[in-house]
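Take a look at the structure set out below.
Residue numbers (this note's numbering): 57 to 338.
Pasting the structure below:
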């Protein structure tokens, strides 16, 4: 990538020089009988400008895209290195301490003669083993590349879904597959606000037993995000109901972003949906 960036920079520098050189060669080799020196000198800067405007902006775009990809790669690598560091800390610190604690409890179990003490030691040993399993699972998760669901801005949505399901004593499902680099920072902010408001609306009004948050890319390069529940639904038009300021806010945010907004009953489910159309094939 760095070699390509270097080639692009050299092209940007050399294009005016090569253009003026080619123009002078063509003028002296082919156009001199038909063109005065004054006219040739007058046309030279306009020709250089025209060629530069035709070629250099595309090269600048490619250079900016390459540098943006390099920044994303550095950010991803930094995140992976931090996850690996945390995995090492867990393994070398907490996991080893839990293992030694389990060994000590085994020794206590073998030497203790009092039955209540042996029983307590066995219970503690099982608890330590359960915690140790959790820690090792966390280490394994940290050593794997993060998924779309683990993006920093997505995590609070998943937590809010869990809290909402806890209040309603409902089943929660979180399905998120939109890649983090598939959204701009503004889109992330607006999506977070819209989905959060939709979840708050479910908590206040739905009386649901199942709640689903879904975010998925579309084949055309857009996305679909929705909050779905099997609750009581909307009495008529939800946007016309008094007090539904949250849904109207979501609709207005979606309109400003150029997204499609829907709040409706689909079968047994109530759906609040945001859709971004991707680029269509010509």
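Just so you know, even glycine gets a beta-carbon here, dropped at the ideal spot from N, CA and C.
Since the structure is predicted, the reported quantities are computational estimates derived from the model, not experimental observations.
query, result
"Keeping to the same chain, check which residues put their C-beta closer than 8 angstroms to that of residue 255; ignore five residues upstream and five downstream.", "213, 216, 217, 220, 267, 269 and 283"
"With C-beta atoms as the reference, is residue 319 less than 8 angstroms away from residue 285?", "no"
"Compute the distance between the beta-carbons of residue 64 and residue 105, then report whether it is under 8 angstroms.", "no"
"Skipping 5 residues on each side, what residues in its chain have a beta carbon closer than 6 angstroms to that of residue 279?", "234, 273 and 332"
"Using DSSP with H/G/I as helix, E/B as strand and the rest coil, what is residue 92?", "coil"
"Is residue 151 closer than 8 angstroms to residue 181 when the C-beta atoms are compared?", "no"
"By Cβ distance below 7 angstroms, which residues in the same chain neighbour residue 67 in space, the five residues on each side in sequence not counted?", "115"
"Ignoring anything shorter than 4 residues, give me the alpha helix (DSSP H) runs that lie fully in the stretch 196-282, in order along the chain.", "211-224 and 241-257"
"Nearest CA to the CA of residue 223: which residue from 120, 258 and 94?", "258"
"Closest to residue 276 by C-alpha separation, out of 302, 238, 311 and 251, would be which residue?", "238"
"Does residue 107 come out as helix, strand or coil in the three-state DSSP assignment?", "helix"
"Could you compute how far the alpha carbon of residue 357 sits from the alpha carbon of residue 247?", "This structure gives no information on residue 357, because the portion of the chain shown stretches from 57 to 338."
"Using DSSP with H/G/I as helix, E/B as strand and the rest coil, what is residue 328?", "strand"
"Rounded to a whole number of angstroms, what is the C-alpha to C-alpha distance between residue 127 and residue 174?", "57 angstroms"
"What are the partner residues of residue 316, as DSSP defines its beta bridges?", "331"
"Contact check, residue 310 vs residue 287 under 8 angstroms by CB: the rounded distance?", "So it is not a contact: roughly 22 angstroms between Cβ atoms."
"Which residue wins for smallest C-alpha separation from residue 326, given the options 86, 87, 303 and 144?", "303"
"By the three-class DSSP mapping on this structure, what secondary structure does residue 170 have?", "coil"
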